[in-house]
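This report refers to the structure that appears directly beneath it.
Numbering (the numbering used here), first residue to last: 118 to 163.
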């Protein structure tokens, strides 16, 4: 799981970086490759 933290807390680590980290970990955890992913959904609540 990717720990959520306030954007800007770390230099050069913002929402796109969090998304990359979480999707990379999810794909690895699922045991599939990037090519196997046909769809992805994103949500944002503030």
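Note that the Cβ used here is the ideal one computed from N, Cα and C, for glycine as well.
What's the C-alpha gap between residue i and residue j?
{"i": "residue 148", "j": "residue 136", "result": "18 Å"}
{"i": "residue 132", "j": "residue 154", "result": "21 Å"}
{"i": "residue 126", "j": "residue 140", "result": "20 Å"}
{"i": "residue 156", "j": "residue 128", "result": "30 Å"}
{"i": "residue 143", "j": "residue 150", "result": "10 Å"}
{"i": "residue 124", "j": "residue 130", "result": "7 Å"}
Look up residue i in the DSSP assignment and say whether it is helix, strand or coil.
{"i": "residue 147", "result": "helix"}
{"i": "residue 129", "result": "coil"}
{"i": "residue 152", "result": "helix"}
{"i": "residue 142", "result": "helix"}
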